[in-house]
Structure formats: structure tokens, C-alpha cells
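One line per chain: the protein sequences are A and B, in this order.
Quick note, the first sequence lines up with residues 1 to 127 if you use the numbering used here.
Quick note, the second sequence lines up with residues 128 to 298 if you use the numbering used here.
I have placed the structure first, in the form of C-alpha cells, so that the comments after it can refer back to it.
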Amino acid sequence: MIRKADLYILGIVLAVAGAVFLLPRAFAANDTGTGAVATVYYRSEEVAQLDLSRDTEYLFDRDGFLNRLIVKEGGVSVAEANCHGQECVHMGVKSKNGELIVCLPHELVIQISSDGRQALEVDTVVG
Amino acid sequence: MSDRGGGGKRVAALGLLLAAILILGFIERQIPLSFSVPGVRLGLSNAAILLALYVFRFRTALLLAVLKSVMLAVFAGGISGFLYGFTGTMLSVLVMALLVRSLGERISPIGVSVAGATAHITGQYLVAAAIIQNIGILLFLPLPLLLSALSGILTGIAVRASRKPLLHSLE
Numbered sequence: 001m002i003r004k005a006d007l008y009i010l011g012i013v014l015a016v017a018g019a020v021f022l023l024p025r026a027f028a029a030n031d032t033g034t035g036a037v038a039t040v041y042y043r044s045e046e047v048a049q050l051d052l053s054r055d056t057e058y059l060f061d062r063d064g065f066l067n068r069l070i071v072k073e074g075g076v077s078v079a080e081a082n083c084h085g086q087e088c089v090h091m092g093v094k095s096k097n098g099e100l101i102v103c104l105p106h107e108l109v110i111q112i113s114s115d116g117r118q119a120l121e122v123d124t125v126v127g
Numbered sequence: 128m129s130d131r132g133g134g135g136k137r138v139a140a141l142g143l144l145l146a147a148i149l150i151l152g153f154i155e156r157q158i159p160l161s162f163s164v165p166g167v168r169l170g171l172s173n174a175a176i177l178l179a180l181y182v183f184r185f186r187t188a189l190l191l192a193v194l195k196s197v198m199l200a201v202f203a204g205g206i207s208g209f210l211y212g213f214t215g216t217m218l219s220v221l222v223m224a225l226l227v228r229s230l231g232e233r234i235s236p237i238g239v240s241v242a243g244a245t246a247h248i249t250g251q252y253l254v255a256a257a258i259i260q261n262i263g264i265l266l267f268l269p270l271p272l273l274l275s276a277l278s279g280i281l282t283g284i285a286v287r288a289s290r291k292p293l294l295h296s297l298e
């Protein structure tokens, strides 16, 4: 009882998944690849900029949200955090331009870029 | 897609469906499917909502979807998670209703279920993107999309199997 429509739906979903997967690679053509800076955003406000060339530790501590970031060997990762799902910790080490580490419950975003500019930004919706 | 069955049977069936939706919704929240990607769920409760779409009116299924989001937020703790769940569930039921209404028997429950699951997870990620003000989080979608599609196929098979028996029992 599988109809053509079912296959179309499945095809579309797979195609979209594939396209989103390949998107960063397409844009990376003019990028050197390795990021220079990790910018930390809390509630879309920049709270820190970490130089990836210098090993360091950064403890984010606001409003009860704790995330311990570690910069090591050109990459950044969340070593530990007090969020429920620990997804940010499991995201591992990021070091390439455009990569993100996100801690949704803490509204924390760590973005890798070559110059500190937010590459994929959503502007505040104007009324 | 009209309502079936006499009043009593209908009320009983609706009650059971709502209970199924809530229980399944609660269970799915206890099972985290992905460690690094938030929001991936088994989509079991969407199966019950889809069943409601086939057997009852759109309005009824919509009500069940709203009740699901509200009640789960209340007793499965997640007032903050409510926004994600609500958006995902609403987008899912709207997409599934659109497909069932426009394609009818030209699409099987499997396709509708996959579309619903996709809408659900995409809705959740859109909410996340809005909350953190960064659209880049959508780049995390590919794996969740695949897992949701798989879950959609499985629940679609379940709906396909339970649709006729449910309709018969309401006659």
C-alpha cells in the first residue's frame, strides 16, 4: 500500500537533509577552514571572545547557568555544564569556521569564526 | 473524515486516544535518542494524533494536539520546553492534516507520518533558532531529520495497521 506520494515525501526529506549537510561545505570554499576566534553569545549578546591560538579556560557563569569552556590546540569544547541534557558537552571540540556549540537550555551559543563576526546571524525581527 | 460511531463509543475512543497520546508523549520524553542533538524523540504520540486525523474530524485532532502539549508541559515538567513541544506538535498536525485532506488515499499513513515527524523536529529547531537568535542551529538538522524520518516510517506502519480496526470498532 505504498503510494508514489510516500516516496516523494521521503525523497524530499532525504534531499533536504542532504542539502543542509552539504551547505557548510559549499560555503567553505573561500574560507581557510580553521577558525581563529570562538565568540560566546548568551541570549544573543556577545559575552566573550576566545582566541583559539592560546590554550585557555573560560567559565561561563550567569543566572545559575554554568558552562566550562576549554580552548586547546586550536579548538574549543564544553568540558562540563550544569544543563540537564549535557548536549553541549557531547558536541565535542569545534575548530572550523562556522561551527557551533549550542547549549539550548542556557541560551548559550559558541561560534567559530575567523574574525569574530557572526557568520550566520538572524536579525531581530522588526515589528 | 467525518466522525464515526455513536456518541458513547466516540467519547470512549477519544478518551483512549488522548490517554495514548499523553502516555506515549510522556514515555518519549524519557528516552533521549541522541546525545549531542536535542529534541529527537520517537514520535510515538504523533502516531495517535494521525490516527485521530483519519478517524475523527480535523478539529478533534487539533484539540487533542493542543491538549497534549499543554498537559505534558504541566505534568511532565517542561514549562520552558512547552514552546518547543507546542510548535513542533502544531506544525506536525497541520502538515499531516493538509496531506490527508488533499491527498486522501493517494498517500499512505507512512508518508503522512514521515511528513509529520519532519515538521515536528523542524518546528522545534526553528523555535531554537529564534530563541538563541542564531539560524546556524539549523545546520544540526540532517541527523535528526533522518532519525525522524525513520521514526515516521515505523509509526506510519503502526497507524496503517490500526486504522481499520479502530474504524470498525466505532461502527
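We treat Cβ as the ideally placed atom computed from N, Cα and C, and that holds for glycine.
Supposed contact pair residue j and residue i - C-beta distance, whole angstroms, cut 8 Å
i: Leu69(A); j: Glu57(A); result: 7 Å
i: Gly212(B); j: Leu199(B); result: 6 Å
i: Ser235(B); j: Ile2(A); result: 6 Å
i: Val71(A); j: Ala38(A); result: 7 Å
i: Asp95(A); j: Gly75(A); result: One point to set straight first is that residue 95(A) is Ser, not Asp, in the sequence displayed. 4 Å between Cβ atoms; contact.
i: Val109(A); j: Leu100(A); result: 6 Å
i: Glu80(A); j: Ile259(B); result: Contact flag wrong, Cβ pair sits at about 20 Å.
i: Arg62(A); j: Tyr42(A); result: 6 Å
i: Leu143(B); j: Ala17(A); result: That belief does not hold up - the Cβ atoms of Leu143(B) and Ala17(A) are roughly 35 Å apart, past 8 Å.
i: Ile148(B); j: Ala175(B); result: 4 Å
Sub-8 Å separation of residue i and residue j beta-carbons
i: Gly283(B); j: Ser219(B); result: no
i: Gly85(A); j: Pro271(B); result: no
i: Ile237(B); j: Ile280(B); result: yes
i: Leu177(B); j: Met223(B); result: yes
i: Leu293(B); j: Val182(B); result: yes
i: Ala179(B); j: Leu297(B); result: no
i: Val102(A); j: Ile262(B); result: no
Alpha carbon of residue i to alpha carbon of residue j, nearest angstrom
i: Ala304(B); j: Pro24(A); result: A question about residue 304(B) goes unanswered here, because the residues of chain B that appear run from 128 up to 298.
i: Arg68(B); j: Met217(B); result: The structure shown has nothing for residue 68(B), since chain B only spans 128 to 298.
i: Ser114(A); j: Leu253(B); result: 26 Å
i: Leu266(B); j: Gly134(B); result: 48 Å
i: Gly92(A); j: Ser77(A); result: 6 Å
i: Gly150(B); j: Ala48(A); result: Inspection of the sequence shows that residue 150(B) is occupied by Ile rather than by Gly. If I take the Cα positions, the gap works out to 43 Å.
i: Gly208(B); j: Gln251(B); result: 10 Å
i: Ala188(B); j: Ala146(B); result: 13 Å
i: Phe65(A); j: Glu73(A); result: 26 Å
i: Asn67(A); j: Phe60(A); result: 5 Å
i: Lys4(A); j: Arg233(B); result: 8 Å
i: Ala203(B); j: Ala36(A); result: 42 Å
i: Leu22(A); j: Glu46(A); result: 28 Å
i: Arg184(B); j: Arg137(B); result: 12 Å
i: Leu221(B); j: Leu190(B); result: 12 Å
i: Gly127(A); j: Thr249(B); result: Because Gly127(A) carries a pLDDT of 40, less than 50, the predicted location of this residue cannot be relied on, and no value is offered for it.
i: Leu104(A); j: Gly152(B); result: 21 Å
i: Leu210(B); j: Arg156(B); result: 15 Å
i: Val82(A); j: Leu7(A); result: First, the amino acid is wrong: residue 82(A) is Asn here, not Val. So the two alpha carbons sit approximately 43 Å from each other.
i: Ala257(B); j: Thr34(A); result: 27 Å
i: Asp128(A); j: Ser44(A); result: Here chain A comprises residues numbered 1 to 127, so residue 128(A) is not present and cannot be evaluated.
i: Asn173(B); j: Asp51(A); result: 45 Å
* Using 8 Å as the Cβ pair cut-off and three pairs as the minimum, do the segment 238 to 254 of chain B and the segment 273 to 290 of chain B touch? -> yes
* Three-pair Cβ contact test at 8 Å for the segment 190 to 209 of chain B versus the segment 224 to 238 of chain B -> no
* Cβ contact (3+ pairs, closer than 8 Å) linking the segment 245 to 253 of chain B and the segment 287 to 296 of chain B -> no
* To do: Starting from the N-terminal side, write out each stretch of the alpha helix (DSSP H) that is 4 residues or longer and does not extend beyond the segment 60 to 119 of chain A.
  => 87 to 90
* **Contained alpha helix (DSSP H) runs [length at least 4] in the segment 202 to 226 of chain B, N- to C-terminal order** => none
* Which parts of the segment 228 to 292 of chain B are runs of the alpha helix (DSSP H), unbroken and 4 residues or longer, counting only runs that do not cross its ends? -> 236 to 259
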